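The structure appears right after this line, and notes come after that.
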Amino acid sequence: MQYEIYGIGNALVDSEYLVSDSVLKDSGFVKGTMTLVDQAERAQLITLLEQTANLSLSKLAGGGSAANTAVTTALLGASTFYSCKVSKDKIGDFFVQDLADLGVSTNLADQRPEGVTGECISMITPDGERTLVTHLGITQTFSVAELNEQALASSKYLYIEGYLISSPSAIEAVHRAQAIAVDAGVKVALTLSDVGMVENFRDAFQNLIDTGVDILFCNEDEAKLWTGETDRTLAANALQMSCPQIAMTLSGDGALVTAEADGTELIPGARVQPVDTTGAGDTFAGGVLYGLSQGQTLAEATALAHRLASQVVSRFGARLSADEIAKIRS
8 MQYEIYGIGN
18 ALVDSEYLVS
28 DSVLKDSGFV
38 KGTMTLVDQA
48 ERAQLITLLE
58 QTANLSLSKL
68 AGGGSAANTA
78 VTTALLGAST
88 FYSCKVSKDK
98 IGDFFVQDLA
108 DLGVSTNLAD
118 QRPEGVTGEC
128 ISMITPDGER
138 TLVTHLGITQ
148 TFSVAELNEQ
158 ALASSKYLYI
168 EGYLISSPSA
178 IEAVHRAQAI
188 AVDAGVKVAL
198 TLSDVGMVEN
208 FRDAFQNLID
218 TGVDILFCNE
228 DEAKLWTGET
238 DRTLAANALQ
248 MSCPQIAMTL
258 SGDGALVTAE
268 ADGTELIPGA
278 RVQPVDTTGA
288 GDTFAGGVLY
298 GLSQGQTLAE
308 ATALAHRLAS
318 QVVSRFGARL
328 SADEIAKIRS
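The opening residue of the sequence shown carries number 8 in this note's numbering; numbering runs sequentially from there.
Here it is in structure tokens:
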């Protein structure tokens, strides 16, 4: 089977908690960022949330950045394959069934190993900002073995989650996937994922870009950190020196994207009152990739992506439902 989108990324189940700013401060995590923790640190945070602050789990949902993007493209109608790694445990069972129900093909029909499936604790403050604390579990050992090379080589786009770069085995898989894509003429899309990733893994990102990335996704903060520019337009222009196409999100102001003629153009977005920003960038990337895979221009695809992203931040949860997507497109 030929696929339009082939994604690789972490497999995580999202555990969402609605927290006050004071509880977030007590946690010690920086608001609006993603932090990787070990099992002991995860347990300490859960104790703070559920025992000290007496909070209850708000929602359990399938997650992972590129998984959210893959779900978006699948629900929009693109044939989508997602390679990831989960354990043979209850959370892993939930993740596998969730993607199957949403129409995403995966490598997970194979025998799953023993271990602990990854989890992302999302602390959502009253302003809608999310602070992510991730225990990768077995997804940290994502490797070349999880790739379906035939499915990848027959796809239109490879989408690489930047968070994978933190794992030695995963970066090996990223390089292998990129090589397959380049050899097969599959376009390569990469997301910088988080300012912390840019700070700590710049050389690894640069290596991927130098090898060949066709479209780069990032937000304004990531772009400014990457380029050293303090002006958003200058940052976008600098990024274009390395990549044929960019899509740089500007929160409620829209996105700066590569123009058809030259330079960048601003594609305005609708300003909404955010309730939960979890998954906004993932959903945006899904909308863009879907549009491009259907022959739309980057500007047209971005306009669709804005409508999707503005909806996902207007309520709790990192993914839109099939009904929500159908309503946006009607």
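Ideal Cβ placement from N, Cα and C applies to all residues, glycine included.
Note that the structure is a prediction, hence the values are computed from the model and not measured.
Beta carbon of residue i nearer than 8 angstroms to that of residue j
| i | j | result |
| --- | --- | --- |
| methionine 255 | alanine 292 | no |
| glutamate 23 | serine 129 | yes |
| threonine 198 | glutamate 168 | yes |
| glycine 294 | threonine 79 | yes |
| isoleucine 98 | glutamate 126 | yes |
| alanine 107 | tyrosine 89 | no |
| isoleucine 131 | aspartate 283 | yes |
| alanine 85 | glutamate 11 | yes |
| histidine 142 | glutamine 46 | yes |
| threonine 265 | glutamine 280 | no |
| alanine 184 | isoleucine 15 | yes |
| leucine 223 | valine 205 | no |
| arginine 326 | asparagine 75 | yes |
| isoleucine 274 | serine 249 | no |
| aspartate 21 | leucine 55 | no |
| alanine 277 | histidine 313 | yes |
DSSP state of residue i mapped onto helix, strand, coil
| i | result |
| --- | --- |
| arginine 137 | strand |
| valine 20 | strand |
| phenylalanine 224 | strand |
| glutamate 229 | helix |
| glycine 219 | helix |
| glycine 69 | strand |
| alanine 254 | strand |
| phenylalanine 88 | strand |
| serine 94 | coil |
| valine 189 | helix |
| methionine 204 | helix |
| alanine 262 | strand |
| tyrosine 170 | helix |
| threonine 42 | strand |
| tyrosine 13 | strand |
| leucine 55 | helix |
| leucine 299 | helix |
| leucine 25 | strand |
Residues bridged to residue i [DSSP beta-bridge criterion]
| i | result |
| --- | --- |
| valine 195 | Leu165 |
| glycine 125 | Leu19 |
| isoleucine 274 | Ala262 |
| serine 112 | Phe88 |
| histidine 142 | Glu126 |
Residue environment, residue i, which counts as buried when at least 16 other CB atoms sit within 10 Å
| i | result |
| --- | --- |
| arginine 336 | exposed |
| glutamate 153 | buried |
| threonine 285 | buried |
| leucine 296 | buried |
| asparagine 226 | buried |
| leucine 64 | exposed |
| aspartate 269 | exposed |
| glycine 324 | buried |
| arginine 137 | buried |
| asparagine 207 | exposed |
Option in the options with minimal Cα separation from residue i
| i | options | result |
| --- | --- | --- |
| serine 300 | Ala73, Lys32, Ala196 | Ala196 |
| proline 251 | Thr218, Glu236, Val279 | Thr218 |
| threonine 42 | Val140, Arg278, Leu56, Val103 | Val140 |
| glutamate 121 | Arg322, Ala60, Ile274, Asp96 | Asp96 |
| aspartate 134 | Leu31, Gly71, Asn61 | Leu31 |
| glutamine 157 | Val193, Phe208, Gln318 | Val193 |
| aspartate 105 | Gly69, Ser176, Lys92 | Gly69 |
| alanine 50 | Ala243, Asn155, Gly144 | Gly144 |
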